[in-house]
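Let me begin by presenting the structure, written as structure tokens, before commenting on it.
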Amino acid sequence: MNIHEYQGKSILQSYDVPVQEGFVAETAEQAVVVAEELNRKFGTEIFVIKAQIHAGGRGKGGGVKIARSPAEAGEVAAGMLGMTLVTPQTGPAGKVVRKVLVARDVYYKGESDIKEYYLSVLLDRKRSSYVIMYSTEGGMDIEEVADKKPESIFTEVIDGTCCLHDFQKRTIAFRLGLSGRAFLEMTRFLGGLWEAFINSDASLIEINPLLKTSDDLILAVDCKVTLDDNALFRHTELAAMRDLNEEDPTEVEASESNLNYVKLDGDVGCMVNGAGLAMATMDLIQLSGGKPANFLDVGGGASAATVEAGFRIILRDTSVKAILVNIFGGIVRCDRVAAGIIEAYKSIGDISIPVIVRLQGTNAVEARELIDNSGLRVIAASTFTDAAEKVKAALS
Ligand code: GDP
Ligand code: MN
Numbered sequence: 000m001n002i003h004e005y006q007g008k009s010i011l012q013s014y015d016v017p018v019q020e021g022f023v024a025e026t027a028e029q030a031v032v033v034a035e036e037l038n039r040k041f042g043t044e045i046f047v048i049k050a051q052i053h054a055g056g057r058g059k060g061g062g063v064k065i066a067r068s069p070a071e072a073g074e075v076a077a078g079m080l081g082m083t084l085v086t087p088q089t090g091p092a093g094k095v096v097r098k099v100l101v102a103r104d105v106y107y108k109g110e111s112d113i114k115e116y117y118l119s120v121l122l123d124r125k126r127s128s129y130v131i132m133y134s135t136e137g138g139m140d141i142e143e144v145a146d147k148k149p150e151s152i153f154t155e156v157i158d159g160t161c162c163l164h165d166f167q168k169r170t171i172a173f174r175l176g177l178s179g180r181a182f183l184e185m186t187r188f189l190g191g192l193w194e195a196f197i198n199s200d201a202s203l204i205e206i207n208p209l210l211k212t213s214d215d216l217i218l219a220v221d222c223k224v225t226l227d228d229n230a231l232f233r234h235t236e237l238a239a240m241r242d243l244n245e246e247d248p249t250e251v252e253a254s255e256s257n258l259n260y261v262k263l264d265g266d267v268g269c270m271v272n273g274a275g276l277a278m279a280t281m282d283l284i285q286l287s288g289g290k291p292a293n294f295l296d297v298g299g300g301a302s303a304a305t306v307e308a309g310f311r312i313i314l315r316d317t318s319v320k321a322i323l324v325n326i327f328g329g330i331v332r333c334d335r336v337a338a339g340i341i342e343a344y345k346s347i348g349d350i351s352i353p354v355i356v357r358l359q360g361t362n363a364v365e366a367r368e369l370i371d372n373s374g375l376r377v378i379a380a381s382t383f384t385d386a387a388e389k390v391k392a393a394l395s
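Take 0 as the starting number for the sequence shown in numbering that gives the first Met the number 0 and just add one per residue.
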């Protein structure tokens, strides 16, 4: 699960990690109040208004703007709220801005003695370890840095104790070229960041840019956090940070029905049980000349109701030209799935696109009988190849 920048920063702050201070606002009036508050608390006179969407590259798309008074902060916020922000990471459709972060300008006292760095904590699956990746080149895409200046990217591997050792904090601060107070601030920053990462069960915290101010403070200016979905049950306060506006509505509906659904851009809808079979089925569709319109795993314990919900979700996608149901009856019985398909047909009304069904395993014979006797226009397939040929025929 991804969260917003302002939420990520609040996690960091709860571990005493210094961030560019600010508060979230949902209206222009709130933005003015926040700016006035920052002025009272810190004497802030220049503000940064940042669009809160689950995508980076906001700076390039006009989602990060400066304001020189609380009134101007309100005007900038008014312009940003409700706009569709297109950045290199949102895709051409963009994302609607519903919240802005009003923060203190931290690039104060000119740009000469400030410095931007890149820093992220993430899981490196190849190394089976957490790593801290960091670079002297902050503020731009790390992919771009990797391309143009790979020698400026460093990695610190966290060992099996899952501790970030003091010598590692010093190595990082040293390689970033810091000294004096900034060096100490960086080691302190890293200690808190690591605690925040490990205690939140995060899989990524990316800070780009990480800033050294002109008075040698180290601050998180940006913050991207991904939390491990499988650990959210033990962090109710973090689970509450979920913003459904940022997620695909169909995927949200699917997760409410316990379906594992990912929308893709092909033309053949597929409903499968088990992730492995689902992947194989997508390959099968590809081989038969189609393109999968989705990944849908109904799970091992699919009921007639889940199958029906799955059908509804697949059919909402107007690019779907055929549906392939590929179920191996293990724990889930094929006749139950067949009953779900029949129910879906009845309740959704006339399904006009071809539906190819392959049911194998427990109670496959009973399932076939149910479907044959239902009078529905369902094309039954027995083997993988058979299913592939029938999908091909349905598409032509
Ligand atoms: P992203 O573009 O979505 O990654 O958003 P960031 O939070 O990284 O901000 C983009 C850029 O805005 C940063 O790289 C900075 O150059 C700039 N920026 C962010 N905060 C401030 C600030 O307080 N003052 C000034 N002058 N620029 C800022
Ligand atoms: Mn950034």
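Positions of the beta carbon are idealized from the N, C-alpha and C atoms, including for glycine.
Predicted model only: the values in this text are computed from it and were never measured.
Own chain partners of residue i with C-beta closer than 6 angstroms, once the 5 adjacent residues on each side are dropped
i	result
E307	G339, E342 and A343
P17	L218
K64	I48 and V75
A393	A321 and P353
V23	Y5, K98 and L100
Neighbour flag for residue i against chain D, beta carbons, 8 angstroms
i	result
A343	In summary, chain D is missing from the structure at hand, where a single protein chain is found.
Chain-order list of residues whose beta-carbon lies under 7 angstroms from that of residue i (same chain, five-residue window excluded)
i	result
A379	V356, R367 and I370
A54	T86, Q88, T89 and K94
R180	D215
Pairwise C-alpha distance: residue j and residue i
i	j	result
M240	V144	31 angstroms
R124	L203	12 angstroms
F166	N198	21 angstroms
D316	F310	10 angstroms
I330	L237	34 angstroms
A77	P69	12 angstroms
M79	P91	18 angstroms
K290	A27	45 angstroms
V96	G58	14 angstroms
K223	D334	46 angstroms
Y116	E388	55 angstroms
A274	K391	23 angstroms
G265	L283	13 angstroms
Residue(s) in a DSSP beta bridge with residue i
i	result
M132	S119 and T154
A219	V18 and L209
G339	Beta-bridge pairing links G339 to no other residue.
R357	N325
N1	T225
Residue from the options whose Cα sits closest to the Cα of residue i
i	options	result
V414	S127, G73, L84 and E115	With the chain running from 0 to 395 in the structure shown, residue 414 is simply not present.
A30	R103, G289, S151 and G309	R103
F221	R169, T186, G137 and N259	Looking at the sequence shown, residue 221 is not Phe but Asp. Checking every option, the nearest Cα to that of D221 belongs to G137.
K211	T135, R97, R332 and P291	T135
Y133	P208, E36, F46 and D349	P208
T170	G159, C161 and R187	R187
S13	S178, L192 and N259	L192
Coil, strand or helix - residue i by DSSP
i	result
C333	helix
K262	strand
N207	strand
K40	helix
K147	helix
P291	strand
L286	helix
M270	strand
I48	strand
T170	helix
Contact set for residue i: own chain, Cβ-Cβ below 8 angstroms, skip 5 residues either direction
i	result
M270	L295, V297, V306, G309, F310, I313, I322, L323, V324, N325 and I326
C161	Y129 and I197
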